[in-house]
Every structure is written in C-alpha cells, then in structure tokens.
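Engineer:
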Amino acid sequence: MRFADVLVPDAVKRQLVQTVLSGRVSHAQLFYGMEGTHVLALALAYAQYINCPNRTEEDSCGVCPSCRQFGQLAHPDLHFYFPHPAGKDLSSYNFYNEWREIFTETNGLFTLNEWYRKIGMENKQGIINKDDIDLLMQQTALKSYESEYKVFIIWMVEKINGQIAPKLLKTLEEPDGKTLFLLITANYDQVLNTIVSRSQLLKINRFSTDELAAVIQRKKNCDYDTAHRQALMAENDLATALRIQERTETENEQFALFQEMMRYAYALYHPIRNFEFQSVIQWVGKMEALGRENQKQFLRYALGMIRKCMLKNMQLDQLVPSVPDEEAWIGKFKPFIRPDNVSPFYTQLNTAVKQVEANANSKMLFTDLVFSIGKYLK
Ligand SMILES: [Zn+2]
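Read in this note's numbering, the sequence shown has 165 at position 165, and its numbers run on one by one without any break.
Following this line, the structure appears as structure tokens:
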C-alpha cells in the first residue's frame, strides 16, 4: 500500500513522510481516525514507506520485495493485532487469514462491525487479550528479519483489556531496537490514559465535503455535482461515500425496523390508532435477533434519522440529503421532532448504545426504548 493509494488529506501524509525524512520517527504513535476514514491503510502505507529502500520524498516505491510483502500483509516484520473473540488460546493470529482477506477486499477500509461479521462474531464484543500481548512481547524481543523497523499495528487499541495493558506499557516506553508501534483507535476517549501518555498522537480528520467530492469524482469518474451530492449523503464518511450506489440490504432493514419502532411508539399513546401490543413484542424479537453490533448500528441509524428531522425543521435541508424513501418519511415525521423532545431522544438513544455495550438484556432494553420514545412523541 503506497501513500498514493490512501485516501486521507495530503497534509497528514506529508506529516508522516516528514518524520522519516527528518529521522524523527516516534516509536509509539496513536492514530486517531473515526470509522469511515482510511486510517488503517495509512498505518500500513507508513510502515511500508519507512522500510522501503527506494523511497522518495513522497512515497514508497511499491515494487521492491519489501514493498510487495508489506502490500500483501506478508512481511515477516509486520505484525497486526486486532479485536477477536475472547477464548482460551485465541489470539489475533488465529484470525490472520480473514484479516488479510478483508483488508485486501476493502483496501483497508472497513468498520469494526464489518470485521466482526467477517469472523462470524456478531453477538459478542471483541477483545485484544493476554495471548496477544504475550505473543507481541516475544516478537518485540526478536531481531528484525530483513527490514529496518519491526512494525506492530494494533487496530482498535481501546479493546486492550485494562488488566493486561501494564505488560504492554513498558515495551511502549522502551522498545528493543528499532520497533514501531502504530496504535489505531476510532474512540480516543476509550483508550487507556497510560497508553495515550506514551504515544504521539496523530489525528486523521474526515474530509470536508469539497475534499471528499474531489476524491469521489476521481475514484468513480463521475461529474462533480454527483460526487458532491454523494459526499453530502454520506455525511463526509469516506467508506459510506464509496459504497453509495444503491442502498444495502442492511440499510433497508434498518429503515424498516426504525419505521416500525416509531409507529408502535406513537400508537402506544394515541389510542385511536389500531394498536396491538403483539406487534411490539415481535419487533423486540427482531431487535434481539440482530446481535449486539447490529443493534448498536441500528441505534446510531436512529440517531441519524432524528437529527435529519431536526435539521429539516430548521430548514437546513442542504445538510440532510437522504435517499428518496427516507426523504418521504422524514417529510411526514418531522413535525413530531420538536425543540423540547429532541434532547431526550438523543439521550435515550445514546444511553441505549451504552447499555448494549454493557451487555444489557436486549428484550428489556428495546421494550423500554419503545415506551420512552412513545412518551416523547405524546
Ligand atoms: Zn519499495
């Protein structure tokens, strides 16, 4: 992966190149980029650049044996750690084939949820565990095979279990020889302070709408207006923007579940409507079956829809482009979102995300949610 293949603002790439050219590569760096940015690919491009014997002042060569091995995620001095299911004797290495596959398929642009789906763990929360850290310590102690730097890329470093983190800290502070730790997070506030304080922070911002439109135009070879519309539609999220063509099945499903939730919530407190409690129970059952990661995604989707209604009400229409069926729904629903209930909506949905993360009982959680939302709609 060369910098040229990585879709992040140029300034970020220049900053990384500069660390190499000036000989000031910090051995522990924390890359903070929200999901939907190309942050993982950036880390790989940086690792490849540092180890390329033919690098220029802009990029790695992409063709030397080292670059080729980095590009295929097959370099002996390149190590990845990432969240995986908890379990005895399970480490990132048990999932390395799947990791290479998803990386290759997506060019390094995938979400945590997509990764979990790839390894079939939709109902669990992934961790980076003691076996990972033990393995990592062994690898840091070895001499590098052929490159200048041994590189350890830890994706979603906030998933390191707090109890085992201390083992890693000493290595982060005083690594053996030329070792580079590239720690990646999408949730900066969840990374242990002890890790943050030992790392140099690099923040990868999302593209502005104009920048993203330019990227889409180049990648999809379309006209600027189309690209601009898609950038807006994706809310400046690169991964979403590149996928916009037609809506995915998951999105259709989420929209349907969301409409149902609102319909039942409304009916609870408006007895004229033909209301069946049985429908709520069925809906809760469907939510339960989604699994935790999809439940979280649904709740974020719901937050997005509420925000769109609110912005529509404020006549900031240009900020809220939606696909046509969503657009029609928002048109009808927006009067129900008012200045006095928008904040409880947000709080309720955000709390629900946290409860899902804390393994709350889904049946209770989503039943409560419908009732609370019903109250706000009253
Ligand atoms: Zn090279």
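Glycine residues also receive a C-beta, built at the ideal position from the N, C-alpha and C atoms.
Closest by CA to residue 156, which one among 271, 149, 121 and 83?
Structural biologist: Taking the first residue of the sequence shown as position 1, residue 156 is located at position 156. Ranking 271, 149, 121 and 83 by Cα distance to residue 156 puts 83 first.
Engineer: Please classify residue 305: is it buried, with 16 or more other beta-carbons within 10 angstroms of its beta-carbon, or exposed?
Structural biologist: Along the sequence shown, one-based indexing puts residue 305 at 305. Per the 10 Å Cβ criterion, buried.
Engineer: Around the Cβ of residue 377, are there at least 16 other Cβ atoms within 10 angstroms (buried) or fewer (exposed)?
Structural biologist: Translated into positions along the sequence shown, residue 377 becomes position 377. The residue in question, residue 377, is buried, as its Cβ has 16 or more Cβ neighbours within 10 Å.
Engineer: With C-beta atoms as the reference, is residue 250 less than 9 Å away from residue 228?
Structural biologist: Position 250 of the sequence shown, counted from the start, is the residue given in the question as residue 250. Position 228 of the sequence shown, counted from the start, is the residue given in the question as residue 228. For residue 250 and residue 228, no; Cβs fall outside 9 Å.
Engineer: If the criterion is Cβ atoms closer than 9 Å, does the pair residue 204 and residue 42 meet it?
Structural biologist: Translated into the one-based positions of the sequence shown, residue 204 becomes position 204. Translated into the one-based positions of the sequence shown, residue 42 becomes position 42. Yes, they are a contact pair.
Engineer: Over what stretch of residues does the beta strand (DSSP E) that includes residue 374 continue unbroken?
Structural biologist: For the purposes of this step, residue 374 is taken as residue 374 along the sequence shown, with counting starting at 1. Looking at the DSSP string, residue 374 is not in any beta strand (DSSP E); the run it does join, the alpha helix (DSSP H), is 362 to 377.
Engineer: Thinking C-beta only, is residue 96 closer than 9 Å to residue 135?
Structural biologist: One-based indexing of the sequence shown puts residue 135 at position 135. One-based indexing of the sequence shown puts residue 96 at position 96. No, the pair does not count as a contact, with Cβ atoms beyond the cut-off.
Engineer: Report buried or exposed for residue 347, applying the criterion of at least 16 other Cβ atoms within 10 angstroms of its Cβ.
Structural biologist: Locating residue 347 in the sequence shown gives position 347, counting from the first residue. Label assigned to residue 347: exposed.
Engineer: Which full runs of the alpha helix (DSSP H) of 4+ residues lie inside the region 63 to 91, going along the chain?
Structural biologist: Correct list: 65 to 71.
Engineer: Do you know offhand how far residue 153's Cα is from residue 182's?
Structural biologist: In the sequence shown, the residue the question calls residue 153 occupies position 153. In the sequence shown, the residue the question calls residue 182 occupies position 182. Using only the alpha carbons, I get a separation of about 5 Å.
Engineer: Does the Cβ-Cβ distance between residue 338 and residue 361 come in under 9 Å?
Structural biologist: Position 338 of the sequence shown holds residue 338. Position 361 of the sequence shown holds residue 361. No.
Engineer: Based on DSSP bridge pairs, tell me the residues matched to residue 32.
Structural biologist: In the sequence shown, residue 32 corresponds to position 32, counting from 1. According to DSSP, which records beta bridges pairwise, residue 32 is partnered with 185 and 203.
Engineer: What do you get for residue 199, buried or exposed, if any count of 16 or more other CB atoms within 10 angstroms of its CB means buried?
Structural biologist: Stepping through the sequence shown from its first residue, residue 199 is reached at position 199. Burial call: buried.
Engineer: Is the beta carbon of residue 238 less than 9 Å from the beta carbon of residue 104?
Structural biologist: Taking the sequence shown and counting its residues from 1, one reaches residue 238 at position 238. Taking the sequence shown and counting its residues from 1, one reaches residue 104 at position 104. Contact flag unset, no.
Engineer: Taking the C-alpha atoms as reference points, what is the distance between residue 47 and residue 39?
Structural biologist: As a position in the sequence shown, residue 47 is number 47, starting the count at 1. As a position in the sequence shown, residue 39 is number 39, starting the count at 1. Their backbone Cα atoms lie some 13 Å apart in a straight line.
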